[in-house]
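Just so we're aligned: the sequence shown equals residues 4 to 283 in our numbering.
Worksheet for the structure shown next.
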Amino acid sequence: MPGTLYIMATPIGNLEDMTFRAVRILGEVDLIAAEDTRHSLKLLNHFGISKPLTSYFDHNQKFKGERILQALRGEKNVALISDAGTPCISDPGFNLVRAAVAEGIAVIPIPGPCAAITALSGSGLPSDTFTFVGFPPARQGKRRTFLNAMAPLPGTLVFYEAPHRLEETLRDIREVMGERQVVVARELTKIYEEFIRGTVGEVLAEVAQGKVRGEVVILVAPGEAPQENALPLPELLERLLNDEGLTVKDAAKKAAEITGVPKNAAYAEALRVRNGGTEC
Numbered sequence: 004m005p006g007t008l009y010i011m012a013t014p015i016g017n018l019e020d021m022t023f024r025a026v027r028i029l030g031e032v033d034l035i036a037a038e039d040t041r042h043s044l045k046l047l048n049h050f051g052i053s054k055p056l057t058s059y060f061d062h063n064q065k066f067k068g069e070r071i072l073q074a075l076r077g078e079k080n081v082a083l084i085s086d087a088g089t090p091c092i093s094d095p096g097f098n099l100v101r102a103a104v105a106e107g108i109a110v111i112p113i114p115g116p117c118a119a120i121t122a123l124s125g126s127g128l129p130s131d132t133f134t135f136v137g138f139p140p141a142r143q144g145k146r147r148t149f150l151n152a153m154a155p156l157p158g159t160l161v162f163y164e165a166p167h168r169l170e171e172t173l174r175d176i177r178e179v180m181g182e183r184q185v186v187v188a189r190e191l192t193k194i195y196e197e198f199i200r201g202t203v204g205e206v207l208a209e210v211a212q213g214k215v216r217g218e219v220v221i222l223v224a225p226g227e228a229p230q231e232n233a234l235p236l237p238e239l240l241e242r243l244l245n246d247e248g249l250t251v252k253d254a255a256k257k258a259a260e261i262t263g264v265p266k267n268a269a270y271a272e273a274l275r276v277r278n279g280g281t282e283c
């Protein structure tokens, strides 16, 4: 019989969040596959665990994944851990899990900390429906396209972001989605844990006051539900532009609020309507 692959959640900051079950299984497996073996060695030393370690991350997953599968085929039990939190969440671990499942190898998740769920539970934003969307693209153009696709989704949106791109991403969220309520959660479970809440503009103003450090989760509240019996977008924009005399920018903003259409799409349609229905 092949071995078992354990998907092992580890603390995202506070080592007291390590579960009894996780400690026990890490002490029992034959091999531990870690995102960064040096980082994980500190965790293992803290709990007095001494086991063979191998690295498994984005750039070596194909080669190391096969070696891990070989160990599993050879009746070895393997634990997969990341630097922090639950493996396979914005992490290449899902490829290893998929390969193990295809070969009939048992995969057992050991639940525990996850930054996305931790942030959501303390955010105060609606949690009955939410979408985890991982890291947005680093380049602004692709990021705005990505945000535009996310804007109509129901429920709270949960992003991961690097601290040095936090302000850029918040500005793009405001540009694409409008002044929604957002929460920035950082340094979760650590000494300097912080939740920054408010409109995008309010949170941007607070974030800009100092350099943000540590892992960051951005949560975006749902957009306003479209108003019932609203006019079709072209007719609404024609009324706002011609009857009310609004500028293209203001008409697009108001139309987006009324219909729930993303701001970028409303702006493009407003330009078309202003130009007499021709593409610009």
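Just so it is clear, CB atoms sit at the ideal spot from N, CA and C, and this is done for glycine as well.
As the structure is a computational prediction, the values presented were derived from the model and not from experiment.
Excluding its 5 nearest sequence neighbours in each direction, S126 has C-beta neighbours in its own chain below 6 Å: V186 and L222, listed in chain order. I113 is positioned such that its CB atom lies closer than 8 Å to that of Y9. Ranked by Cα distance from D33, the first of K65, E171, F60 and G77 is G77. Residue pairing of Q184 in beta bridges, as defined by DSSP: T202. About 14 Å separates the Cβ atoms of V215 and A122, ruling out a contact at the 8 Å cut-off.
For F50, the CB contacts under 6 Å within the same chain, skipping 5 residues up- and downstream, are V26 in chain order. Pairing E182 with G217 gives a Cβ-Cβ distance that is not under 8 Å. In this structure, L156 keeps its C-beta atom at 8 Å or more from the C-beta atom of I176.
One thing to note: A258 has its Cβ within 8 Å of the Cβ of A273. Excluding its 5 nearest sequence neighbours in each direction, E190 has C-beta neighbours in its own chain below 8 Å: G16, E196, E197, R216, G217 and E218, listed in chain order.
Within the same chain, Cβ atoms closer than 6 Å to the Cβ of P95 are found at D61 and Q64, the five residues on either side in sequence being excluded. Counting of Cβ neighbours within 10 angstroms places I194 among the exposed residues, the total staying below 16. With contacts defined as CB atoms closer than 8 Å, G137 and T13 fail to qualify as a contacting pair. Closest option to P225, judged by alpha-carbon separation, among L128, T57 and F97: L128.
The continuous alpha helix (DSSP H) containing S124 extends over residues A118 to S126. Pairing P139 with E164 gives a Cβ-Cβ distance under 8 Å.
Close CB contacts of R200 within its chain, under the 6 Å cut and outside five residues either way in sequence, are with V186 (chain order). In the structure shown, L173 falls within a helical segment according to DSSP collapsed to helix, strand and coil.
Between T7 and A36, the C-beta spacing is not below 8 Å. Residues of the same chain with a CB within less than 7 Å of the CB of E241, apart from the 5 flanking positions on each side, are V276 in chain order.
Sequence-distant Cβ neighbours of L75 in its own chain, meaning closer than 7 Å and more than five residues away, are P5, G6, L8, V81, A103 and I108.
The criterion of a C-beta distance shorter than 8 Å is not satisfied by A141 and R174. If you draw a straight line from the Cα of L83 to the Cα of F133, it is about 27 Å long.
In this structure, the CA atom of N245 is about 14 Å from the CA atom of L236. With respect to the C-alpha of T262, the residue from M180, L99, N98 and P166 having the closest C-alpha is M180. G158 is positioned such that its CB atom lies no closer than 8 Å to that of C117. Taking 8 Å as the cut-off, the beta carbon of N48 is found no closer than this to the beta carbon of G68. Put simply, of I52, T192 and D39 the residue whose alpha carbon is nearest the alpha carbon of E19 is T192.
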